[in-house]
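Heads up: the sequence lines are chains C and Z, in that order.
If you're matching positions, the first sequence starts at 3 in the numbering used here and goes up one per residue.
If you're matching positions, the second sequence starts at 5 in the numbering used here and goes up one per residue.
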Amino acid sequence: MKDPKTRTIKVDALARVEGEGAMLVRVRNGTVSEVQLNIYEPPRFFEAFLRGRSFREAPDITSRICGICPIAYQMSACRAMEDALGVTVDGQLRALRRLIYCGEWIESHALHIYMLHAPDFLGYAGVVEMARDHREIVERALQLKKIGNDIIDVVGGRAVHPINLRIGGFYRVPSRAELRSLADRLEWARDAAHETVRWTAGFDFPDFESDYEFVAMRHPDEYPITDGRIVSDKGLDIAVRDFNTEFEELQVPHSTALHARVRGRGSYFCGPLARYNLNFDRLSPLARQAARDAGLGPTCRNPFQSIVVRSVELLYACEEALRLIYQYEVPDQPAVALEPRAAVGHGCTEAPRGILYHRYEVDADGTIVSAQIVPPTAQNQATVEDDLRRFVAARLDLPTEELTWRCEQAIRNYDPCISCATHFLDLRIEREDGP
Amino acid sequence: MTRPHTSGPSAVLVVGVGNLARGDDAAGLLVARRIRLREPRIEVVEVPNATDCLDALRRGERVIVVDAMRTGAPAGTVRRFDLQDEPLPASFSPGSTHALGLATAVELARALGTLPRRVVVYGIEGARFELGAAPSPEVLAAVDRVAEAVVAEWKSAAESEKAETCTS
């Protein structure tokens, strides 16, 4: 405030994101001259690690990319390899995959809604400060997260980096009793998730909407998780194998994570908001009703309300997990048989943060020749930058401290999993004018 | 996290925190595994990040946590914090790749009233945290020293528990 001409505002570490990176906003002569999501972890070498390894290793190797969403990596890898080998996994094996994936949505969404994002809306520096005033709410979050982890533990063999998933199915399938042991707590979790929707619906949301292109999967009769086509609200409707025909990845100088865009159009938005907007009709009646009661229409274009949408998905995931548990019958075989062959395979699933695409080329004995992994946070990077540019431009009159706070909140709308895309985030706003 | 049946001091739990894929960040997990080999009666859990440490912190009267730290000290430096006497420095693991740092997890447990009566934290200074890196030799040497120290703490807790049982 001393010299109105030149100001640099710096936040050394943006807290409450999964991993770290840097964000620079430069304001010059009353306009936002530059916005960079600046990712300076060296490029991740997983795609190179995978070359020369057996196709069977892809799920376990790629799951190490993220401790928050390992199931997403395992499932996209499995789906891609099964596509290459011409194998279909259906029936109860498919249901078990959907169940474990619901577990990941529950733990990841509960963590982000309560521990990482809600403190922004309630004016707390973080979850510790929030817990001092709202102990019961934070306890609810921890219990919700735990039931998600427990689903992963029971189906996947352990809660993080589960070891029981394989291409073609599982090493061991759970008994009905093992799954039923989760049911009582999941009934509680469904109610707690419903309460979460009501709670987040009461937050204040800045007036902020944009003409995004929302991109998500769509399945003929389910809310999308493990498969479907890739669609957008601007007319895209493609099979997963056409990902690279319709999307392109770009290097930008300020980031080691690749940006992505729809060819010929530009940036796009994936994640809960996109899934919700493109699949509202596929939600359960209870989840749809909870969304309406929360004041959401079938379409929501305000990224700040993603916390409410994420809560609706949390509710849906609890209900869906219960449904899958109650209908479960132990399958005859834990996995379908596999024969390697030379082929290219594509897989895409809905990670908690959005679509996660894998592509592999394997040779006749099953050795991986090439691998491509496109995580959701990388796909959303350009949209995060667009949001910040417009958000800051409309709020240059705000004191810098508040503006910085709001920018962090805007970044967290996307629940960026920077461990997946990147690493180390710190936020800096440089102003050469204004308040 | 399955919990083995143990016959030592029932309320002591050892928690190793870390990530095997990130160089010296593996330190806490390596200590946990070393302790399991040396003294199978000790209840040991491995957690991948500090958020999951919260659960473990609810489960014992006395908890010993081992994690890598990055404070600028030489690699392999070991520090022991008794949280009864002092808070964990906020800078304990500034390079943490975890959603919540260990200091945050401990303070969250304190705010929720679930912090165990005694919490001791061993920090092992790491030098490299890159994906795919092997732990540095200094850290591997420290892993041995910390495993020994934790086993010794567990034994003295066992002794004092026995003494309490005899006098009561």
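Note that beta-carbon positions come from the ideal geometry of N, C-alpha and C, so glycine has one too.
Please read these numbers as outputs of a predicted model, since none were measured by experiment.
Does residue i have its Cβ less than 7 Å from a Cβ in chain C?
{"i": "Z:LEU167", "result": "In the sequence on display, residue 167 of chain Z carries Ala and not Leu. No, Z:ALA167 does not count as interfacial toward chain C."}
{"i": "Z:GLU47", "result": "no"}
{"i": "Z:VAL155", "result": "no"}
{"i": "Z:PRO8", "result": "Reliability of the predicted coordinates at Z:PRO8 is poor, the pLDDT of 43 falling under 50, and no value is obtained from them."}
{"i": "Z:LEU112", "result": "yes"}
{"i": "Z:ALA131", "result": "no"}
So with Cβ pairs under 7 Å, would you call residue i a contact of chain Z?
{"i": "C:ASP417", "result": "no"}
{"i": "C:ARG303", "result": "no"}
{"i": "C:ARG28", "result": "no"}
{"i": "C:ARG137", "result": "yes"}
Could you tell me whether the Cβ atoms of residue i and residue j are closer together than 7 Å?
{"i": "C:ILE370", "j": "C:TYR362", "result": "yes"}
{"i": "Z:PHE133", "j": "Z:ASP29", "result": "yes"}
{"i": "C:THR198", "j": "C:LEU316", "result": "yes"}
{"i": "Z:LEU17", "j": "Z:VAL67", "result": "yes"}
{"i": "C:ALA133", "j": "Z:LEU116", "result": "yes"}
{"i": "Z:ALA25", "j": "Z:LEU135", "result": "yes"}
{"i": "C:PRO336", "j": "C:GLY158", "result": "no"}
{"i": "Z:VAL70", "j": "Z:GLY27", "result": "no"}
{"i": "C:PRO226", "j": "C:GLU352", "result": "yes"}
{"i": "C:ALA79", "j": "C:ARG142", "result": "no"}
{"i": "C:SER269", "j": "C:ALA384", "result": "yes"}
{"i": "Z:ILE39", "j": "Z:VAL51", "result": "no"}
{"i": "C:ILE139", "j": "C:ARG187", "result": "no"}
{"i": "C:GLU321", "j": "C:ARG192", "result": "yes"}
{"i": "C:THR64", "j": "C:TYR75", "result": "yes"}
{"i": "C:ILE309", "j": "C:THR202", "result": "yes"}
{"i": "C:PHE57", "j": "C:VAL364", "result": "yes"}
{"i": "Z:ALA72", "j": "Z:GLY22", "result": "yes"}
{"i": "Z:GLY127", "j": "Z:ARG63", "result": "no"}
Identify the contact partners of residue i in chain Z, using a Cβ-Cβ distance below 8 Å as the criterion.
{"i": "C:GLY128", "result": "THR108"}
{"i": "C:LYS148", "result": "ASP59"}
Could you list which residues in chain Z have their beta carbon closer than 7 Å to that of residue i, in chain order?
{"i": "C:GLU141", "result": "LEU116"}
{"i": "C:ARG66", "result": "ALA25"}
{"i": "C:ALA133", "result": "LEU112, ALA115, LEU116"}
{"i": "C:LEU144", "result": "LEU58"}
Would the C-beta of residue i count as close to the ligand NAP, meaning under 6 Å from any of its heavy atoms?
{"i": "C:ILE309", "result": "This structure does not include the ligand NAP; it has no bound ligands of any sort."}
Show which residues of chain C have a CB atom less than 8 Å away from the CB atom of residue i.
{"i": "Z:GLY136", "result": "PHE47, PHE51"}
{"i": "Z:THR75", "result": "Under the 8 Å cutoff, chain C gives no residues; its nearest Cβ is about 15 Å from Z:THR75."}
Name the chain C residues that come within less than 7 Å of residue i, Cβ to Cβ?
{"i": "Z:THR81", "result": "In chain order: nothing, as chain C lies at least about 23 Å away."}
According to DSSP, what are the bridge partners of residue i?
{"i": "Z:ASP1", "result": "Nothing in the structure corresponds to residue 1 of chain Z, since chain Z is present only between 5 and 172."}
{"i": "C:GLY125", "result": "According to DSSP, C:GLY125 bridges with nothing at all."}
{"i": "C:LEU358", "result": "C:THR351"}
{"i": "C:GLY268", "result": "C:VAL264"}
{"i": "Z:LEU24", "result": "BP columns for Z:LEU24 are empty, so no partner."}
{"i": "C:ALA373", "result": "C:TYR362"}
{"i": "C:LEU181", "result": "Paired residues: none, contrary to the question."}
{"i": "C:GLY171", "result": "C:ARG168, C:ALA337"}
{"i": "C:LYS39", "result": "It is Leu, not Lys, that sits at residue 39 of chain C in the sequence shown. Answer is C:MET25, bridged to C:LEU39."}
{"i": "C:ALA218", "result": "C:VAL233"}
{"i": "C:PHE306", "result": "None; C:PHE306 has no bridge partner."}
{"i": "C:ASP439", "result": "Because chain C here runs from 3 to 437, residue 439 of chain C falls outside it and cannot be looked at."}
{"i": "Z:ASP59", "result": "Answer by DSSP bridge pairing: none, since Z:ASP59 is not bridged."}
{"i": "C:LEU252", "result": "C:HIS261"}
{"i": "Z:LEU84", "result": "Checking the displayed sequence, the identity of residue 84 of chain Z turns out to be Arg instead of Leu. Answer by DSSP bridge pairing, in chain order: Z:TYR126."}
{"i": "Z:ARG66", "result": "Z:VAL16, Z:ARG122"}
{"i": "C:ARG200", "result": "According to DSSP, C:ARG200 bridges with nothing at all."}
{"i": "C:SER56", "result": "C:THR369"}
* Please determine if the segment 346–359 of chain C and the segment 265–276 of chain C are in contact, where contact requires at least 3 C-beta pairs separated by less than 8 Å. => yes
* To do: Would you be able to state if there are at least three C-beta pairs under 8 Å between the segment 407–420 of chain C and the segment 226–237 of chain C?
  => no
* Does the segment 391–398 of chain C come within contact of the segment 286–303 of chain C, defined as at least 3 CB pairs closer than 8 Å? -> Taking 8 Å as the limit for Cβ pairs, the verdict is that the segment 286–303 of chain C does not touch the segment 391–398 of chain C.
* To do: Spell out a yes or no on whether the segment 248–267 of chain C and the segment 299–309 of chain C are touching, meaning 3 or more CB-CB pairs, one atom from each, closer than 8 Å.
  => no
* Can we say the segment 200–215 of chain C touches the segment 83–92 of chain C, given the rule of at least three CB pairs closer than 8 Å? -> Counting Cβ pairs under 8 Å, fewer than three are found: no touch.
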